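In what follows, a structure is listed as C-alpha cells, so that the remarks can point back to it.
There are 2 protein chains.
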Amino acid sequence: MAPYHHGSLREALLSAAEKILQREGINALTLRATAREAGVSHTAPAHHFKDLTGLVSALAASGFARLHDFARAEASAAETKDQLVAHARGYIAFARAHPGLYKLMFRSERLDWDQPDLASAAEDAYSLLTPASEAPLAHDRPGQRSIADTMARWSYLHGLAMLLIDGRLSAGMSMIPGADEDLLIADLIARLERLHRPSHP
Amino acid sequence: MAPYHHGSLREALLSAAEKILQREGINALTLRATAREAGVSHTAPAHHFKDLTGLVSALAASGFARLHDFARAEASAAETKDQLVAHARGYIAFARAHPGLYKLMFRSERLDWDQPDLASAAEDAYSLLTPASEAPLAHDRPGQRSIADTMARWSYLHGLAMLLIDGRLSAGMSMIPGADEDLLIADLIARLERLHRPSHP
DNA sequence: GAATAATCTTTCCACTGTCTAGTTCATCTA
DNA sequence: TAGATGAACTAGACAGTGGAAAGATTATTC
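Chains as they are written, first to last, in the numbering used here: chain A, 14 to 214; chain B, 14 to 214.
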C-alpha cells in the first residue's frame, strides 16, 4: 500500500514529466498525465508547482542546469584549447540528446521567468558563451563589444540547435552527397568563432 | 440573418486565427475560439483544415509566404547593394512585427510538413539566404559550401529572431548604457556576412 | 429537375486545467 | 507525551478543449 505522503513527490513528478516528454512528446505533457505517471492524484502536482506553467518552468530550470553542467564537463574533457567551441559542442550535443526538453526550455509562453531557479540556471548556462578573457574589466566600460558578441553566439547556437532538432537542416544535408552529418555539424559549430568583432565598432 | 454557406470561410478562419494570435497569444488559439471569432459553429473549421494541426499549418504557410514577400520587397527598396543583408533585415523586421505568427511557424509538433503549401512556402522564404552568386552551377558539384553557408545563415537569423521576440536579449541590451536597440540589432544582423566560408574547406 | 457533393450545425465523448473542500500525516510546541 | 498546527495529498466538480458522428442546408452537375 502506497503511503499517503510520497516523500519526494516533487522530484518524482519532474522525472515523470520528463519521461512523458521523451515518450509521447510535448503535447502529451499535461498535469494529469504527469500525476498518473507518478501514481498520484491528479491535483497533487498543484501543491508543488501550482500551475502547468510552474511544472514546465521547474523542468526547464532543471534542463538549463544540466545543460550547463554537461557543456562544462564536455569542455573540460576536450583536448582543444578553445573552450568556447568546446562549450558550443556540448551545447549542441545536449540539445540533440534531449530535443523535447530543449524545446520546452524555450516555450516562452509556458515559462515563468520570475521564478528565480529558472532565471539563474539559464544565466549560468549562457555565461559559458562569454569566455573569461572577454569578461568586463573593473574600471573599464563593461565590455559592450563582448556583450554583443555573446548575443551573436547565443543566437547562432540556439538557431542551430532548433533547426537541427526539428530536422529542418536535414534536407540540405541530403543535398550534399556522401557528407558526414556529424562532420558538417562540427563545421557549422566551428563557425561560431567568426561571429565576434564586427567590422565597424 | 447569416447565410448557411459562408462563402469564403477558409480565409475568414485564417484571419480570425491570426487576430486571436495577436490579441491573446498562442495558448488562446484554439479551434473553437477561431470558430467563435468567425461567427460559425465550432466544428466548421474541421471541414477546411481537418485538425488544429491543419489550421496551424495553413496559418504557418501564409506566414512563410508573407515573410518571403516582405523580405524581397524590403531588399528591393534598400539602397545597399548587399542583398543578403537586406533580406536578413527584412527577415528580422517581419519576425519582430509578427512575433506570434513567427513563433507559430516553428511550432514543429503542430505543423504538418507533408502539406505542400507549407513546405514550398518555407523553401521559398529560405531561398533568399542563398545569394544568386552562390547558386550551384550546372556541371559543377552542387555547391556544398554554399549549402552549408545557407544553413549557417539560417541558424543565425532564426536564433536571433527567436531570442529577440522572447525578450531574452533585452537583458544584455540594458547592460549597454545608452545603446540604441535598433542600432545594436543592425550590428548583429551585419555579422551574418562573417559566417560563410569556414577556415578549413 | 433530380442526384450528388460540398458546406455547415447539433450532439456527444473523453480529456484537460484549475477551483473548493475534505482527509491523512508529520512536526513543533507546551 | 498530548494536542495543535500546517503541510501533503485526495475527491469531486466545472467550464473549456479537440475530435467523431450524424444530420441539415445549399451549390453544382448531369
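Even glycine gets a Cβ: it sits at the ideal position worked out from N, Cα and C. Everything numeric in this text was worked out from a predicted model, so none of it was measured.
- In this structure, the alpha-carbon of Lys63 (chain A) lies about 45 Å from that of His18 (chain B).
- Beyond the five residues adjoining it in sequence on each side, Leu44 (chain A) comes within less than 6 Å, by CB distance, of Pro58 and Leu65 in the same chain, given in chain order.
- When secondary structure is reduced to three states using DSSP, Met118 (chain A) falls in the coil class, being assigned neither helix nor strand.
- Between Ala138 (chain A) and Phe77 (chain A), the C-beta spacing is below 7 Å.
- Contact between Leu208 (chain B) and Asp162 (chain B) holds: CB atoms are separated by about 7 Å, below the 8 Å threshold.
- Counting only unbroken stretches of 4 or more residues, the alpha helix (DSSP H) elements lying wholly within the region 44-125 of chain A are 44-50, 57-62, 65-90, 96-110 and 112-117, in sequence order.
- For Arg36 (chain A), the uninterrupted alpha helix (DSSP H) segment begins and ends at Leu22 to Glu37.
- Within the region 164-175 of chain B, Met164, Ala165, Trp167, Ser168, Tyr169, Leu170, His171, Gly172, Leu173, Ala174 and Met175 place their CB atoms closer than 9 Å to a CB of chain A, listed in sequence order.
- DSSP places Leu131 (chain B) in the helix class (H, G or I) of the three-state scheme.
- Comparing alpha carbon positions, the residue from A:Glu87, A:Ser21 and A:Gln35 closest to His60 (chain A) is A:Ser21.
- For Met186 (chain A), the enclosing alpha helix (DSSP H) covers residues Ser183 to Ser187.
- Proximity of Arg207 (chain A) to chain B, defined by a Cβ-Cβ separation below 7 Å, is satisfied.
- Ile189 (chain A) reaches chain B at Gln157 and Ile160, counting residues in chain order whose Cβ is nearer than 7 Å.
- Only buried fits His81 (chain A), as 16 or more other CB atoms lie within 10 angstroms of its CB.
- The region 120-138 of chain B and the region 159-173 of chain B do not touch, with fewer than 3 CB-CB distances between them shorter than 8 Å.
- The C-beta separation of Leu205 (chain B) from Leu97 (chain B) comes to about 7 Å, placing the pair in contact by the 8 Å criterion.
- When the beta-carbon positions are compared, Ala174 (chain B) and Ala108 (chain B) come within less than 7 Å of each other.
- Taking the CA atoms as reference points, Leu142 (chain A) sits about 46 Å from Arg49 (chain B).
- In the three-state scheme derived from DSSP, where H, G and I count as helix and E and B as strand, His171 (chain A) is classed as helix.
- With contacts defined by Cβ atoms closer than 7 Å, Ala90 (chain A) and Gly103 (chain A) do not form a contacting pair.
- Ranked by Cα distance from Met118 (chain A), the options A:Val53, A:Leu131 and A:Asn40 are led by A:Leu131.
- Among the residues facing chain A, Glu122 (chain B) is included, as its CB has a counterpart in that chain under 7 Å away.
- Ranked by how close their Cα comes to the Cα of Leu72 (chain A), the residues A:His100, A:Ala99 and A:Lys32 have A:Lys32 in first place.
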